[in-house]
Amino acid sequence: MPTTAAAGQAKPVASKPVAIIMGSQSDWATMRHAAQTLETLGVGYEALIISAHRTPDRLYDFARTAKAKGYQLVIAGAGGAAHLPGMAAALTPLPVFGVPVESKALAGVDSLHSIVQMPAGIPVGTLAIGRPGAVNAALLAAAVLALHDEGLAARLDRYRAAQTAAIAEHPSNDEA
Ligand code: RP5
2 MPTTAAAGQA KPVASKPVAI IMGSQSDWAT MRHAAQTLET LGVGYEALII SAHRTPDRLY
62 DFARTAKAKG YQLVIAGAGG AAHLPGMAAA LTPLPVFGVP VESKALAGVD SLHSIVQMPA
122 GIPVGTLAIG RPGAVNAALL AAAVLALHDE GLAARLDRYR AAQTAAIAEH PSNDEA
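Numbering (the numbering used here), first residue to last: 2 to 177.
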């Protein structure tokens with residue numbers, strides 16, 4: 002992780018406002034779509050593997066220090082008994098967006114229910130299962146950051162305009 006020399010301790014530079022955390026290496030196939038979307042928009046991020054169950058101390062350390070380290074938003078992806086987003090939200094005042102990873106056993110419905118059914122008082126902004134959720138978590142994070150970043154707001158506008166322009170008016174037989 003890049004550090005600020007003056008601080009003398011591990012601290013993300015201000016150019017990395019988003020932390021993308023995930024419960025396992027196996028989640029990266031999904032969460033890399035969040036990372037790629039942030040890269041497209043020129044938003045800095047740090048990607049970290051943090052398991053609520055296998056590395057609880059790592060979760061606690063991350064979430065307790067995330068704001069002080071300069072992160073502004075957390076995108077948390079997990080599958081199955083997906084407690085990572087909710088526990089991160091319980092431990093940090095930062096906004097947390099949850100991405101349900103598509104599990105093999107239950108196609109991500111278990112992940113979705115684990116993340117979305119938070120008790121009143123500790124919110125997790127829950128996205129769709131799988132890649133759409135990962136992409137949209139990044140877009141949502143960018144939209145929040147763009148409230149105070151005109152350059153990012155302009156890049157987000159261009160992203161949407163390009164997306165609109167790419168949609169054909171008539172269907173083609175060339176694609177399934
Ligand atoms: C969860 O268990 C992870 O978020 C992952 O989606 C799921 C399976 O993890 P692995 O067994 O592939 O490491 O904690």
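In this text, a Cβ means the ideal position worked out from N, Cα and C, and glycines have one as well.
- Per the DSSP secondary-structure output, F98 pairs in a beta bridge with I76, G126.
- Here DSSP, grouped into helix, strand and coil, assigns E47 to strand.
- Straight-line spacing of the CA atoms in L157 and L140 works out to 8 Å.
- By the neighbour-count criterion, in which 16 or more other beta carbons inside 10 Å mark a residue as buried, A35 falls on the buried side.
- Not one heavy atom of the ligand RP5 lies closer than 8 Å to the C-beta of H171.
- The ligand RP5 approaches V102 closely enough that one of its heavy atoms is under 8 Å from the residue's Cβ.
- In the same chain as R59, and ignoring 5 residues on each side of it, the C-beta atoms closer than 7 Å to its own belong to I51, in chain order.
- Within the DSSP bridge table, the entry for M23 names I50, G78 as partners.
- In terms of Cα proximity to R33, the closest of A167, A163, A135 is A135.
- For E170, the secondary structure class from DSSP, reduced to helix, strand or coil, is coil.
- Going by C-alpha positions, H54 is about 31 Å away from A144.
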